[in-house]
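These protein sequences, in sequence, are chains A and B.
Counting from 1, position 289 in the first sequence corresponds to residue 289 in the working numbering; the numbering is continuous, with no gaps.
Counting from 1, position 19 in the second sequence corresponds to residue 1019 in the working numbering; the numbering is continuous, with no gaps.
By construction, the Cβ of each residue, glycine as well, lies at the ideal position given by its N, Cα and C atoms.
Heads up, the thing below is written out as structure tokens.
Protein chains: 2
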Amino acid sequence: MKIGIIGAGSIGLLFASYLSKAFPVTLYTKTSEQAAIINQNGIYLQEGNAQSRFSVRALPISKWAGIEELTIIAVKQYQLHSILHQIASLEFNPQNLLFLQNGMSHLKLLKNIPAANIFVGSVEHGASKVNTYTVSHNGKGAINVALFRGAVERIKEFAEVCAAIHFPITLKDDYYRMLINKLIANAVINPLTAILQVKNGELITNTFYFAAVKKLYLEITFILNLEDPIKQFRNVLRICKKTGNNRSSMLKDLEAGRRTEIDAILGFLIEEAGIQQKTASNIESYYYIIKGKEKDRRGS
Amino acid sequence: MKIGIIGAGSIGLLFASYLSKAFPVTLYTKTSEQAAIINQNGIYLQEGNAQSRFSVRALPISKWAGIEELTIIAVKQYQLHSILHQIASLEFNPQNLLFLQNGMSHLKLLKNIPAANIFVGSVEHGASKVNTYTVSHNGKGAINVALFRGAVERIKEFAEVCAAIHFPITLKDDYYRMLINKLIANAVINPLTAILQVKNGELITNTFYFAAVKKLYLEITFILNLEDPIKQFRNVLRICKKTGNNRSSMLKDLEAGRRTEIDAILGFLIEEAGIQQKTASNIESYYYIIKGKEKDRRGS
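Here you go:
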């Protein structure tokens, strides 16, 4: 099974290095320069003190023709539009597409994609990009995948091979529930840690921050009409504790002057609130604060 | 007219130096050491590149007997309790007391004070304490004073002398309106600048921050039942622009690891919201965030 991976960020590089153990992988990069560097160097995967090198073929994204049996789309939600445009203009419809974006706002974009089978996934691995061809695997976590539209067979075969190479993928029945679980944790942890400039664990060890966490969580449950808000809240607390020493991706994005995924996370919730004519006071204000900080950092 | 000033922070030192031009001033300090240092050095007032020295008598607060005709209480709201306790235990009731605290939560504490005349004031001068006996006067602003209880004559005489020494005091008819105007500006500018870590002006130049300003302001108008919210909002914007290059006192307090005045400002609004059974989502969350940051900085 040939695999295409679009996007050479931390998740794209992580998938490319692991999957190259079992599949012929082509990694599609934003620029030709990036592709050339990866073709020359391979991909270096750092895990603790160990470093392994993987040979992966890289091509610029303009060369992607959707011919691989499975293409994994590992770009940020806000970079998705141009990919979708490219899919629509392909000569042949791609067979299997797996989308790994955070948040929920990409779902409405996937409805009209001309592909046989579409899957969505949520990645809980901790990874950070060290340079163009090097990724640091900071923490092992789950990869959950669910069918969004079409048939599930090919992804089952894919998941079986992934298990054999110790890169396990768990198939889930309900893509909405799977993504909403990740969204809830992201919507609480990411904006607050980015605003407070603290590690994930401080959200629960500082009693005042924890009070702000609870207020935000209540707004989220109200908008999402959660069936079992207490169980879900325990899941958020579990993630805060487990990743207590980590800086969230949104905090790191702001610190590095990068664009955050706030639109895919709180932006989605604000849209949902609007549809249901509910108010989302904290969510809206935190959204504005993050957007303002993005503007502040990127502008300066 | 003998003047007592309680509190040798930036405002206490500023008042002591100016008023010593026309009145015999006794400055009451928290500790005997502070008093000894001020008695030895005098008070240095820095204005731009100029520095002037003023001889002021200083005594520790335990020596205050309320015998001056006017005592100005220039401590933070959260330091007020011990002063009020001392007033209640004085041999003679003091004649004229002027309270300069920010916010509104001190008003309910003033109701039962055994003094002939009680005044409240709001200070818009910019001042920062350089060391125990030196204050930097960063920006001239208004001092507004209004009667809280009793007769107004003595403060009128006082204000006339202050005008003559170019330390103008404006008498206001309505203490509630006077303090609420200051509170509104403080409640918008202080928490947001402290959370965002920006100068006052950025609240209006960054369009996303400005959206957060407006949401917070709407909650405040709702709780305070403002008659003319648009006029009041223009006042807030005017202050943001006028003090655009300043870092707010709350931002500076957090940066220095000091306690902030959040209880007197947002704490008061949360109490008001509770009395009126109104929700104050943003106000509550910002309150928790500032309290959490206080804990974070002071603890570390």
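Exercise. Using a C-beta to C-beta distance shorter than 8 Å, which residues of chain A count as neighbours of residue 1212/B?
Worked result: 285, 288, 289 and 292
For this session: Could you round the C-beta distance between residue 10/A and residue 127/A to whole angstroms and report it? I think they count as a contact, below 8 Å.
Result: 4 Å
Exercise. At a Cβ threshold of 8 Å, is residue 209/A touching chain B?
Worked result: Chain B has a Cβ within less than 8 Å of the Cβ of residue 209/A.
Problem set entry | Cut-off 8 Å between Cβ atoms - residues of its own chain near residue 83/A, not counting five sequence neighbours on either side | 6, 61, 73 and 75
Problem set entry | Residues of the region 1075-1099 of chain B with Cβ closer than 9 Å to any Cβ of chain A, in chain order | none
Exercise. Does the beta carbon of residue 1200/B come closer than 8 Å to any beta carbon on chain A?
Worked result: no
Exercise. What does DSSP give as the partner residues of residue 149/A in its beta bridges?
Worked result: 118/A
Exercise. Is residue 292/A near residue 244/A, with beta carbons less than 8 Å apart?
Worked result: no
Problem set entry | When 108/A, 197/A and 90/A are compared against residue 246/A, the one with the closest alpha-carbon | 197/A
For this session: Have a look at residue 156/A and residue 94/A and give me their C-alpha separation to the nearest angstrom.
Result: Distance between the alpha carbons of residue 156/A and residue 94/A is about 18 Å.
Exercise. Just the Cα atoms here: how many angstroms apart are residue 1039/B and residue 1141/B?
Worked result: 28 Å
Exercise. When Cβ atoms are compared, which residues of the region 1185-1199 of chain B fall closer than 8 Å to chain A?
Worked result: 1195, 1196 and 1198
Exercise. With residue 137/A and residue 46/A assumed to form a contact (beta carbons below 8 Å), what rounded beta-carbon distance in angstroms separates them?
Worked result: That belief holds up - the Cβ atoms of residue 137/A and residue 46/A are roughly 7 Å apart, short of 8 Å.
Exercise. Can you find a CB in chain A that lies within less than 8 Å of the CB of residue 1295/B?
Worked result: yes
Exercise. Going along chain B in order, which residues have a C-beta closer than 7 Å to the C-beta of residue 206/A?
Worked result: 1292, 1295 and 1296
For this session: Would you mind telling me which residues of chain A sit closer than 9 Å to residue 1128/B, beta carbon to beta carbon, in chain order?
Result: Neighbours of residue 1128/B on chain A: none; closest Cβ ~25 Å, over 9 Å.
Exercise. Smallest Cα separation from residue 968/B: which of 1269/B, 1052/B, 1145/B and 1208/B?
Worked result: The structure shown has nothing for residue 968/B, since chain B only spans 1001 to 1300.
Exercise. Is the CB of residue 1300/B under 8 Å away from at least one CB in chain A?
Worked result: A caution first: residue 1300/B carries a pLDDT of 49, below 50, which makes its placement in the model too unreliable to give a value.
Problem set entry | Cβ-based burial, residue 4/A [other Cβ within 10 Å; buried from 16] | buried
Problem set entry | Where residue 1206/B falls, given that 16 or more other Cβ within 10 Å makes a residue buried | buried
Exercise. Does residue 282/A get closer than 8 Å to chain B when you measure Cβ to Cβ?
Worked result: yes
Exercise. What does residue 1215/B touch in chain A if you count any residue whose Cβ is under 9 Å from its own?
Worked result: 281, 284, 285 and 288
For this session: Between the Cα of residue 1153/B and those of 1101/B, 1097/B, 1189/B and 1203/B, spot the shortest distance and give me the residue it belongs to.
Result: Cα-wise, what sits closest to residue 1153/B is 1097/B.
For this session: Sort 1168/B, 1123/B and 1081/B by Cα distance to residue 1182/B and report the nearest one.
Result: Residue 1123/B is the option with its Cα nearest to residue 1182/B.
Exercise. In whole angstroms, what separates the C-alpha of residue 1044/B from that of residue 1037/B?
Worked result: 12 Å
Exercise. Taking the C-alpha atoms as reference points, what is the distance between residue 1212/B and residue 290/A?
Worked result: 10 Å
For this session: Please report how far the alpha carbon of residue 1018/B lies from the alpha carbon of residue 1064/B, in whole angstroms.
Result: 21 Å
Exercise. Residue 250/A to residue 81/A, Cα distance in whole Å?
Worked result: Approximately 21 Å, taken between the alpha carbons.
For this session: Could you pull out every residue in the same chain whose Cβ sits closer than 8 Å to the Cβ of residue 1223/B, ignoring the five residues on either side in sequence?
Result: Counting only Cβ-Cβ distances below 8 Å, and skipping sequence neighbours, we find 1269, 1272, 1273, 1276, 1278, 1280 and 1283.
Problem set entry | Identity of the residues DSSP links to residue 99/A by a beta bridge | 73/A and 120/A
Exercise. Straight-line CA distance for residue 1101/B to residue 227/A?
Worked result: Between residue 1101/B and residue 227/A, the C-alpha separation is close to 48 Å.
Exercise. Tell me, which residues are paired with residue 57/A by DSSP?
Worked result: 26/A
Exercise. If we call anything under 8 Å between Cβ atoms a contact, is residue 1180/B one with residue 1241/B?
Worked result: no
Exercise. If we call anything under 8 Å between Cβ atoms a contact, is residue 132/A one with residue 34/A?
Worked result: yes
Exercise. In chain order, what residues of the same chain have a beta carbon less than 6 Å from the beta carbon of residue 1057/B, not counting five sequence neighbours either side?
Worked result: 1026
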